[in-house]
Amino acid sequence: MTPVSFTSRVAAEHRATLEQLLFFNACQDRVASGIVDAIDKFGSPEIQGDDGWLRVKVPGLPDVQSLFVVEQSTGRPVGVAVYTRADLEHVTVLHVGLAEQYCSGGEREHVNLLLRLMKEIRRSSKRVKGVRRLSVHYGTQRARVQA
């Protein structure tokens, strides 16, 4: 199994891989209507470069954060979640992208990358005063967990 780590930015050399995760991901057809709804409601994510690093932002939402899952050996992003503090008590995940091999049915689905990514956001949200809930905008009730 390829060891992965979580980070708030990725090296600019991985722009094409990040574009694939966010915009051209074959796994996203499973939640396409929810993605369209999230874009209509919050805006489309944009990749922004900053001094050799990449982050994902959503214009009009200044407090948006992104969390990447990267392969430790290469720094290649294999997952990304874009989220915001919707109000004092709620963190909402607006967009998610996983490399196809880590999606359900992929050769590395056993790594449970989506679950690990959500747990990492939940863990970091617990450190923010007042946050009580984490939800995925285009998820189901089962995706909502106490922070």
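Position one of the sequence shown corresponds to residue 842 (the working numbering), numbered consecutively onward.
Every residue gets a Cβ at the ideal spot worked out from N, C-alpha and C, and that includes glycine.
Distance CB(residue i)-CB(residue j) smaller than 9 Å
{"i": "Leu-902", "j": "Ala-922", "result": "no"}
{"i": "Val-845", "j": "Val-897", "result": "no"}
{"i": "Glu-860", "j": "Ile-888", "result": "yes"}
{"i": "Phe-883", "j": "Leu-955", "result": "no"}
With 16 other Cβ atoms within 10 Å as the buried cut-off, status of residue i
{"i": "Gly-938", "result": "buried"}
{"i": "Phe-864", "result": "exposed"}
{"i": "Gln-982", "result": "The pLDDT assigned to Gln-982 is 39, lower than 50, so where the model puts this residue is not dependable, and the model offers no usable value."}
{"i": "Pro-900", "result": "exposed"}
Nearest neighbour of residue i, chosen from the options [CA to CA]
{"i": "Asp-928", "options": "Ser-885, Val-905 and Ala-857", "result": "Val-905"}
{"i": "Ala-857", "options": "Ala-879, Gly-946, Ala-940 and Ser-976", "result": "Ala-940"}
{"i": "His-855", "options": "Lys-967, Trp-894 and Thr-933", "result": "Trp-894"}
DSSP state of residue i mapped onto helix, strand, coil
{"i": "Gly-920", "result": "strand"}
{"i": "Arg-896", "result": "strand"}
Identity of the residues DSSP links to residue i by a beta bridge
{"i": "Phe-847", "result": "Val-910"}
{"i": "Lys-960", "result": "Answer by DSSP bridge pairing: none, since Lys-960 is not bridged."}
{"i": "Leu-939", "result": "Gly-920"}
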